[in-house]
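One line per chain: the protein sequences are A and B, in this order. Quick note: the first sequence, position 116, residue 118 per my numbering, numbers continuous. Quick note: the second sequence, position 171, residue 173 per my numbering, numbers continuous.
Number of protein chains: 2
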Amino acid sequence: MLENFQAYLKEKAKLSEAEVLSLTATLTSRKFRKGEFLLHAGEICHYTFFVEKGLLRSFTTDDAGKEHVIQFGPENWFVSDRSSAYFHEASDFSIEAVEDTAVVLLDADFMLRASEINSAFTQFNEMALQNHIRHLQKRINLLLSATAEKRYLDFIRLYPDLTLRVPQWMIASYLGITPESLSRVRKELAKNHL
Amino acid sequence: MLENFQAYLKEKAKLSEAEVLSLTATLTSRKFRKGEFLLHAGEICHYTFFVEKGLLRSFTTDDAGKEHVIQFGPENWFVSDRSSAYFHEASDFSIEAVEDTAVVLLDADFMLRASEINSAFTQFNEMALQNHIRHLQKRINLLLSATAEKRYLDFIRLYPDLTLRVPQWMIASYLGITPESLSRVRKELAKNHL
DNA sequence: CGCGTGATTGAAACCCTTCAAGTTTAGTGG
DNA sequence: CCACTAAACTTGAAGGGTTTCAATCACGCG
């Protein structure tokens, strides 16, 4: 249940076979059924979840009880509330399995050991953070400037596979619109060409 | 013209007086007049700007020519297009001086030297990235869930000083609404209590 | 098969934008 | 220091996009 993660470490973090094996020897993996929660808002997030198989989503719940999807995490993605894990604060997010999902649990200790074993891992970690920032920045820009239709088109361009695996109301929630609006946007798009 | 930055390094990155002096010996600082650009969208961002005095803003310009403020940078803040600087890509942002501003120019070499001199700086840098992520995440959440009024109240709570130094239309741009809308929001707030 | 969840559709309401005009403020040169 | 101008802010009316609420349809799963 670690195959993807081990392959990921070798390829992206440039670790050797031996380094990967020693690092991941003590890691635990877990399975969650569709609909199960990996983290509830208000708890402290102790882990970063690496998705071996399946699909996660993280989301917030506002005062009115409405959910807002922050991130989808398909295979080979990390899902976590970074702020909660790093600063040991109560999490704003909840994390839920959208499909039956197998994850690898990475704790703070893992990050430490990884950095000690190979300094390339520190570089890798910084790059991951920089990438995350770039991604969030792009999303803010979209939310500030684009209509619902543009945001949707951007979504299906970026995550074509997710468009099929994720219920439409979750995509609407990610885009910051209602399911009804997304339905109408799709109707318009279908009418006009594709 | 480095006083604030040197004090910042000592306090936040936990560097010694000697480390600070040797690190900052070769740094250059520059002054920009109100309205001057430090970076134009499309260029590669070679520097992180530390604001010694004054006020910067970074913003994008959309297809319709509309500006969207990404960040304000008052004294003791860093302003940069992190993605452009880190990945050597063309910047999506422009950076402009909102007031007459004095900045310290930090390049990639500075970061390297800082990490070599004191490993605490690497920790500091990671914390800065994590903080940035937390901040962006909060903003996305606001954009997804809050009305214009809530977003404005959040802004004046977070940046009470900026509310006075920044023209209203820039705040509107930061909030993702038109200047007219912000004017009406303020009118409503004034009518109802404060 | 039936129930529940997700998707669609319609009508009304709402929030925000757009456009246009008017007012205030701030900066500049005489 | 005043006069002039440009920029910023306000206000109104009309319009657009999205939400809300409600009803209906489609479908998968127990």
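All C-beta atoms, glycine included, are put in the ideal place defined by N, C-alpha and C. Predicted model only: the values in this text are computed from it and were never measured.
Check: Going along chain B in order, which residues have a C-beta closer than 7 Å to the C-beta of H134 (chain A)?
Finding: I135
Item checked: Per DSSP, cross-strand counterpart(s) of H70 (chain A) -> A:T62
Next item on the list: Ignore the nearest five residues each way along the sequence and tell me which others in L11 (chain A)'s own chain have a CB closer than 6 Å to its CB.
Entry: L17 and V22
Checklist line | Residues of the region 68–91 of chain B with Cβ closer than 8 Å to any Cβ of chain A, in chain order | finding: K68, H70, I72, R84, S85, Y88 and F89
Note to self: Below 8 Å on the Cβ atoms is my contact criterion, and I expect I135 (chain B) with L131 (chain A) to pass it. Report the Cβ-Cβ distance as a whole number of Å.
What the structure shows: 7 Å
Item checked: Continuous beta strand (DSSP E) stretch holding S96 (chain B): start and end -> S96 to A99
Notebook entry, point to check: To which residues does DSSP link R32 (chain B) through a beta bridge?
Noted result: B:V105
Next item on the list: Specify the secondary structure class of K55 (chain A) as computed by DSSP and reduced to three states.
Entry: strand
Item checked: Residues in the region 170–190 of chain B having any Cβ partner in chain A nearer than 7 Å -> G178
Item checked: Top-ranked residue by Cα proximity to F112 (chain A), from A:T63, A:V187 and A:A87 -> A:A87
Check: So, are the CB atoms of A150 (chain B) and I119 (chain B) less than 8 Å apart?
Finding: no
Checklist line | Test: N143 (chain A) CB closer than 8 Å to a CB of chain B | finding: yes
Item checked: Nearest to V81 (chain A) (by Cα), restricted to the options A:L107, A:Y161 and A:K68 -> A:L107
Notebook entry, point to check: Is F39 (chain B) buried or exposed, if buried means 16 or more other CB atoms sit within 10 Å of its CB?
Noted result: exposed
Checklist line | Uninterrupted alpha helix (DSSP H) stretches inside the region 98–170 of chain B (no shorter than 4 residues) | finding: 110–119, 122–147, 150–160 and 164–167
Margin query: Run through the DSSP bridge pairs and tell me what G75 (chain B) is partnered with.
Written below: B:L58
Next item on the list: May I ask you to report which of helix, strand or coil DSSP gives A15 (chain B)?
Entry: coil
Notebook entry, point to check: Does the Cβ of A92 (chain B) have 16 or more other Cβ atoms within 10 Å, making it buried, or fewer, making it exposed?
Noted result: exposed
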